[in-house]
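Just remember that this note's numbering sits 2 ahead of the position in the sequence shown, which is counted from 1.
Think of the CB as a built atom: it goes at the ideal place given N, C-alpha and C, for glycine as much as any other residue.
Here the structure is a predicted model, which is why all the values come from computation and not from measurement.
What follows is a short report on a single structure.
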Amino acid sequence: MRVQGMVVVAVAVVTGASLAWTQTQPAPAKPAPAKPAAAKPAPASPVDKVISLVKAGLGEDLIVKAIVRDKLTKADLSPDEMIKLKQAGASDRIINTMMDPSSAAAAAPAPAPQPVAQPAAQPAVAEPATPPPAAQPVSATSAPAPLPPSAAAKKRILALNEFEWATVQTAAQEVFKTNVDIGKGIRALLTNRLQKEGKVRLVERANLQKLLGEQDFGASNRVKKGTGARIGQVIGADAFLLGDIVAFGRDDRKKSVRVGSVVPGAGVFGGMRVGHSSSKAVVVIAYRLVDAETSEIIDSGEARGESKRESKGLGGMLGVGGGAAGGGVDMTSSNFGETIIGEATIAACDNLAAVINEKIPSMPKRFVELEARVAAISGGSVTISAGSNDSVAAGDKFEVFKILGEIKDPVTKEVLELNTEKVGDLVIATVRERIATGSYTGGPVAVGYLVRKVQ
3 MRVQGMVVVA VAVVTGASLA WTQTQPAPAK PAPAKPAAAK PAPASPVDKV
53 ISLVKAGLGE DLIVKAIVRD KLTKADLSPD EMIKLKQAGA SDRIINTMMD
103 PSSAAAAAPA PAPQPVAQPA AQPAVAEPAT PPPAAQPVSA TSAPAPLPPS
153 AAAKKRILAL NEFEWATVQT AAQEVFKTNV DIGKGIRALL TNRLQKEGKV
203 RLVERANLQK LLGEQDFGAS NRVKKGTGAR IGQVIGADAF LLGDIVAFGR
253 DDRKKSVRVG SVVPGAGVFG GMRVGHSSSK AVVVIAYRLV DAETSEIIDS
303 GEARGESKRE SKGLGGMLGV GGGAAGGGVD MTSSNFGETI IGEATIAACD
353 NLAAVINEKI PSMPKRFVEL EARVAAISGG SVTISAGSND SVAAGDKFEV
403 FKILGEIKDP VTKEVLELNT EKVGDLVIAT VRERIATGSY TGGPVAVGYL
453 VRKVQ
């Protein structure tokens with residue numbers, strides 16, 4: 003019993019010691035939960051890839067080629083995706099190519115002019131100008147085929163003044179039996195003839211003040227926006243036509259005295275008796291073609307017209323039977339052209355138009371200094387902010403310059419000169435009224451660069 007008790011006590015002691023040791027040992031650490039594997043980034047969509055190309059500043063032609071080559075197409079572009087592309091700067095052509103790659107072969111539209119950023123005013127002399135946009139490399143091989151040059155851009159410009167007719171005013175009243183402004187009538191006939199033949203361009207000068215007044219009225223607050231005449235620059239003329247009507251009536255065969263010529267002691271009609279002998283109707287215009295820049299007379303002379311038929315007396319000038327003019331007279335109408343005096347007037351206008359069509363187009367072309375700015379760039383084409391209104395024509399050559407800085411008057415801050423560096427050359431292919439586009443060769447170019455016309 004004693005041994006057994008001792009065994010019990012020993013077991014209890016061992017058990018207690020084991021429990022005490024167990025309680026003093028730290029609990030085994032639990033294994034940390036495994037981290038989830040990083041998700042692989044989703045591949046960029048065609049829309050995002052195209053946007054990245056646009057933001058990288060690549061040209062439209064290069065982006066279109068990349069879309070076709072890498073198949074960055076999405077025929078079911080949603081409206082939101084289209085808006086996203088447009089807001090990123092993608093053109094309609096790029097979006098069309100994504101939706102339909104076959105449209106990439108279509109010709110790119112003419113580049114629209116962009117506003118030219120003028121260098122910011124700076125107080126110091128010879129300070130660098132505001133840095134222009136980053137220059138873009140231009141490849142001449144990617145330039146689109148130039149359109150045929152505008153025929154109008156090659157034509158010389160003529161201003162027609164109204165003809166003086168005081169010398170033959172009395173004779174004209176006798177013919178028409180009323181007061182007809184034959185100066186305006188002959189000018190209208192000549193204008194129609196020149197416009198029909200189309201060898202020169204005509205500009206309005208007789209009613210210029212009315213035209214300018216309409217432009218000013220259109221710019222006022224009293225005209226509904228979008229409906230008034232826009233303010234524009236009046237095109238300059240290469241030459242002016244000045245003239246006087248020195249004969250208008252009949253040329254008597256016996257006396258050889260023109261109606262409208264004043265003979266001392268004989269009156270306006272030179273003492274002729276109305277109805278005495280047959281005679282043809284005669285109209286004579288003394289003209290002068292004047293160089294608009296130098297005021298030099300290019301050519302002068304008389305344009306004479308005779309009727310094919312004859313009349314007896316002034317009463318027969320308006321018809322074979324001698325009918326008088328009733329009411330107003332329109333010298334451009336077919337009715338007037340069928341009369342005897344109408345035949346002579348039209349013949350005189352035809353002869354004068356032949357002189358104009360010969361002399362004006364052959365005027366030597368003078369070099370006109372011109373500066374403009376690069377307004378748009380597309381592929382190998384560059385568009386400048388000057389056109390036919392500024393005498394730009396197809397074939398004109400320009401040098402392109404990067405603007406490095408400005409030289410200003412220290413007091414007035416007026417820009418006296420620009421510090422420039424030539425980067426390339428431009429040959430004009432197509433001309434519009436206010437812009438011109440051509441093929442560029444040279445280094446990188448950017449909107450806002452300076453262009454100067456060269457001979």
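Coil, strand or helix - N163 by DSSP | One-based indexing of the sequence shown puts residue 163 at position 161. Note: N163 maps to coil in three-state DSSP.
Rounded separation between V370 and I343 - CA only: Sequence index remark: in the sequence shown, residue 370 carries index 368 (1-based). Sequence index remark: in the sequence shown, residue 343 carries index 341 (1-based). Rounded to the nearest angstrom, the two C-alpha atoms are 44 angstroms apart.
So, are the CB atoms of R158 and P363 less than 7 angstroms apart? Your numbering for residue 158 matches position 156 in the sequence shown. Your numbering for residue 363 matches position 361 in the sequence shown. Note that the C-beta distance between R158 and P363 is below 7 angstroms.
Query raised in the report: In three-state DSSP terms, what is V425?
Result: The residue given as residue 425 occupies position 423 in the sequence shown. It is a strand residue.
Check your understanding: Measuring CB to CB, does T422 end up less than 7 angstroms from F400?
Key -> Within the sequence shown, residue 422 is the residue found at index 420, counting from 1. Within the sequence shown, residue 400 is the residue found at index 398, counting from 1. No.
Quiz item: Alpha carbon to alpha carbon, what distance is there between S281 and S313?
Solution: The sequence position of residue 313 within the sequence shown is 311, counting from 1. The sequence position of residue 281 within the sequence shown is 279, counting from 1. Roughly 6 angstroms separates the two Cα atoms.
| Sequence-distant residues of the same chain with beta carbon closer than 8 angstroms to V456, five excluded per side | Position 454 of the sequence shown, counted from the first residue, corresponds to residue 456. Cβ within range, chain order: K399, F400 and E401.
query = Just to confirm, are A355 and L196 a CB contact at a threshold of 7 angstroms?
reply = Position 353 of the sequence shown, counting from 1, holds the residue named residue 355. Position 194 of the sequence shown, counting from 1, holds the residue named residue 196. Result yes, Cβ atoms of A355 and L196 sit closer than 7 angstroms.
Note to self: Tell me the DSSP secondary structure of I437 in three-state form.
What the structure shows: In the sequence shown, residue 437 corresponds to position 435, counting from 1. Correct three-state label for I437: coil.
Next item on the list: Let me know if G339 comes out buried or exposed under the rule of 16 or more other beta-carbons within 10 Å of its beta-carbon.
Entry: For the purposes of this step, residue 339 is taken as residue 337 along the sequence shown, with counting starting at 1. G339 comes out exposed.
Helix, strand or coil for T296, going by three-state DSSP, please let me know.
-> As a working mapping, residue 296 is identified with position 294 in the sequence shown. It is coil, neither helix nor strand.
**Q.** Cβ-Cβ distance between A249 and V286 below 7 angstroms
**A.** By 1-based counting over the sequence shown, the position of residue 249 is 247. By 1-based counting over the sequence shown, the position of residue 286 is 284. In contact: A249 and V286 (Cβ atoms closer than 7 angstroms).
Quiz prompt | Same chain only: Cβ atoms within 8 angstroms of D72, ignoring 5 sequence neighbours per side | solution = Counted from its first residue, the sequence shown places residue 72 at position 70. Taking D72 as the centre and dropping the five residues before and after it, the same chain places the C-beta of K51 closer than 8 angstroms to its C-beta, in chain order.
*asked:* So I437 and G381 are supposed to be a Cβ contact under 8 angstroms. How far apart are they, rounded?
replied: Within the sequence shown, residue 437 is the residue found at index 435, counting from 1. Within the sequence shown, residue 381 is the residue found at index 379, counting from 1. In fact, because the Cβ distance is near 16 angstroms, the residues do not count as touching under 8 angstroms.
Check: G397: which of Y442, V357 and I379 sits nearest, CA to CA?
Finding: As a position in the sequence shown, residue 397 is number 395, starting the count at 1. Answer by Cα proximity: Y442.
Can you tell me whether A58 is buried or exposed? The criterion is at least 16 other CB atoms within 10 Å of its CB, across all chains shown.
Numbered from its first residue, the sequence shown carries residue 58 at position 56. So A58 counts as exposed.
ask   = Among residues of its own chain, excluding the 5 on either side of E62, which ones have a beta-carbon nearer than 8 angstroms to its beta-carbon?
value = As a working note, residue 62 is residue 60 in the sequence shown. Closer than 8 angstroms at Cβ, skipping near neighbours: S93, R95, I96, A110, S380 and G381.
Given that a residue counts as buried once 16 or more other Cβ atoms are within 10 Å of its Cβ, and exposed if not, what is Q89?
One-based indexing of the sequence shown puts residue 89 at position 87. Per the 10 Å Cβ criterion, exposed.
Measuring only the C-alpha atoms, how far is E373 from I409? Within the sequence shown, numbered from 1, the residue matching residue 373 stands at position 371. Within the sequence shown, numbered from 1, the residue matching residue 409 stands at position 407. For E373 and I409, the distance between alpha carbons rounds to 17 angstroms.
**Message:** By DSSP's criteria, F403 is part of a beta bridge. Which residues make up the other side?
**Reply:** Here residue 403 refers to the residue found at position 401 when the sequence shown is read from its first residue. According to DSSP, which records beta bridges pairwise, F403 is partnered with K424 and L452.
For V376, which option in Y451, K67 and F178 has the closest C-alpha, if you only look at C-alpha atoms? The residue labelled residue 376 in the question sits at position 374 within the sequence shown. Selected option, being the one with the closest Cα: Y451.
Notebook entry, point to check: Looking only at C-alpha atoms, which of T180, V357 and A174 sits nearest to V284?
Noted result: Counting from 1 along the sequence shown, the entry for residue 284 is found at position 282. Residue A174 is the option with its Cα nearest to V284.
So if DSSP puts S313 in a beta bridge, which residue, or which two residues, is it bridged to? Position 311 of the sequence shown, counting from 1, holds the residue named residue 313. Beta-bridge annotation (DSSP): S313 is paired with S281.
Quiz prompt | D82 to L204 span [Cα, whole Å] | solution = In the sequence shown, the residue the question calls residue 82 occupies position 80. In the sequence shown, the residue the question calls residue 204 occupies position 202. One C-alpha to the other measures close to 51 angstroms.
- Task: Starting from R195, trace the alpha helix (DSSP H) both ways and give me its first and last residue.
- Result: Position 193 of the sequence shown, counted from the start, is the residue given in the question as residue 195. In the DSSP annotation of this structure, the continuous segment of the alpha helix (DSSP H) that includes R195 starts and ends at I184 to E199.
### Query
What are the boundary residues of the alpha helix (DSSP H) that includes R95?
Position 93 of the sequence shown, counted from the first residue, corresponds to residue 95. Taken as a continuous stretch (DSSP letters only), the alpha helix (DSSP H) holding R95 covers D94 to M101.
- Message: I believe L428 touches V384 by the beta-carbon criterion, under 8 angstroms. Please report the beta-carbon distance rounded to the nearest angstrom.
- Response: What you label residue 428 is simply residue 426 of the sequence shown in a count that begins at 1. What you label residue 384 is simply residue 382 of the sequence shown in a count that begins at 1. Rounded, the Cβ-Cβ distance is 6 angstroms, consistent with contact.
TODO: Would you decide whether D392 is buried or exposed? Buried here means 16 or more other CB atoms lie within 10 Å of its CB.
DONE: The residue you call residue 392 lines up with position 390 of the sequence shown. So D392 ends up on the buried side.
Alpha-carbon spacing of K361 relative to A395, whole angstroms: Position 359 of the sequence shown holds residue 361. Position 393 of the sequence shown holds residue 395. Distance between the alpha carbons of K361 and A395 is about 20 angstroms.
| query | Should L406 be labelled buried (16 or more other beta-carbon atoms within 10 Å of its own) or exposed? | reply | Along the sequence shown, one-based indexing puts residue 406 at 404. By the neighbour-count rule (16 or more Cβ atoms within 10 Å), L406 is not buried but exposed.
- request: Would you mind sorting D332 into buried or exposed? The rule is 16 or more other CB atoms within 10 Å of its CB.
  value: Counting from 1 along the sequence shown, the entry for residue 332 is found at position 330. Per the 10 Å Cβ criterion, exposed.
- Query: When the Cα atoms are used, what is the spatial distance from V449 to D293?
  - Reply: For the purposes of this step, residue 449 is identified with residue 447 of the sequence shown, where counting begins at 1. For the purposes of this step, residue 293 is identified with residue 291 of the sequence shown, where counting begins at 1. Spanning the two alpha carbons is a distance of roughly 37 angstroms.
Q.
Let me confirm a value: E308 is counted as buried when at least 16 other C-beta atoms fall within 10 Å, else exposed. Which label applies?
A. Taking the first residue of the sequence shown as position 1, residue 308 is located at position 306. Looking at its Cβ environment, which holds 16 or more other Cβ atoms inside 10 Å, E308 is buried.
key: CA-to-CA distance, L162 to K186, given in whole angstroms   = Taking the first residue of the sequence shown as position 1, residue 186 is located at position 184. Taking the first residue of the sequence shown as position 1, residue 162 is located at position 160. Answer to the nearest angstrom: the Cα atoms are 11 angstroms apart.
Just to check my reading of the structure: A241 and L160 have Cβ atoms closer than 8 angstroms, yes? What is that Cβ distance to the nearest angstrom? Counted from its first residue, the sequence shown places residue 241 at position 239. Counted from its first residue, the sequence shown places residue 160 at position 158. In this structure A241 touches L160 by the C-beta definition: roughly 5 angstroms separates them, less than 8 angstroms.
Give every residue of the same chain whose Cβ lies closer than 7 angstroms to the Cβ of S336, excluding the five residues on either side of it in the sequence, and list them in chain order. As a working note, residue 336 is residue 334 in the sequence shown. Within the same chain, S336 has no close Cβ partners at all.
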